[in-house]
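With our numbering applied, the sequence shown corresponds to residues 1261 to 1430, in that order. A virtual CB, placed ideally from N, CA and C, is assigned to each residue, including glycine. A short worksheet on the structure shown next.
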Amino acid sequence: TTKPHIYAAGDVTGIMPLETVAAKQGSMAVQNMFEDKKKGIDYNLIPRAVFTSPELASVGLTEEEFAEKYNVCLCRTISLEHVEKAALMKDTRGVVTMVIHPETKEVVGVHMVGPRASEIITMATYAIKNRMTIYDIRDTVHVFPTLSEAIKKVAQSFNEDLGKMACCVE
């Protein structure tokens, strides 16, 4: 609210009507009631998911949002056909899109459609929160074969042709 002594949390705020957001807003409201230094929530770091088949998940800026803000966008989209675990599961329906800052190469958004996307998106949330670059992600050892490798593969796609890479190439 605009009144410094009145706090609100949850759907009444009109901001991202998600259970996780309501819980975070409630926690922040209580902290801010009793602490001098007020804290806020970076809503750009709130992952969201739709539990369809395949699942949808998203965190950070979309291609359109980044382009509108900076007049440029550096983005890549890969098919889950490039992710070995998806092939082993016989479910390659889906894509992963990564949005990066063109100068710093930091990840600013990740958007997914595919099996277990709701579980994988948190990895992207950590990347955005910690200002990781595509090189940080690419150089991190990932468990093989896992669906979360999709995040690594899309980071690699900024500099590599995934179609020419062997399955286990770092």
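Return the bridge partner residues of His1361 from the DSSP annotation. Partner(s): none; His1361 has no beta bridge.
Which residue comes first and which comes last in the alpha helix (DSSP H) that contains Thr1406? Looking at the DSSP string, Thr1406 is not in any alpha helix (DSSP H), and its letter there is neither H nor E.
Can you check which of these residues, Glu1344, Gln1291, Phe1404, Glu1363, is closest to Leu1422 by C-alpha distance? Glu1344
Residue interval of the alpha helix (DSSP H) (run including Arg1398): 1394 to 1398
Please report the residue range of the alpha helix (DSSP H) in which Leu1348 lies. For Leu1348, the uninterrupted alpha helix (DSSP H) run begins and ends at 1344 to 1348, by DSSP.
So, for Phe1294: in the same chain, excluding its five sequence neighbours on each side, which residues have a beta-carbon less than 7 Å away from its beta-carbon? none
In this structure, how does DSSP classify Ile1381 when only helix, strand and coil are distinguished? helix
Could you give the residue range of the alpha helix (DSSP H) that holds Ser1287? Following the DSSP letters along the chain, one finds Ser1287 inside the alpha helix (DSSP H) bounded by residues 1279 to 1294.
To the nearest angstrom, how far is it from the Cα of Gly1374 to the Cα of Phe1418? 21 Å
The segment 1280 to 1297 contacting the segment 1318 to 1331, beta-carbon criterion three pairs below 8 Å: no
In the DSSP output, which residue or residues are listed as bridge partners for His1371? Per DSSP, Ser1318, Thr1357.
For Thr1312, which three-state DSSP category applies? coil
For Phe1326, count neighbouring C-beta atoms within 10 Å of its own C-beta (all shown protein chains included) and say buried if the count is 16 or more, exposed if not. Classification for Phe1326: buried.
Give a yes or no on contact between the segment 1274 to 1287 and the segment 1300 to 1308, applying the rule of three or more CB pairs nearer than 8 Å. yes
C-alpha gap between Met1358 and Ala1387, whole angstroms: 11 Å
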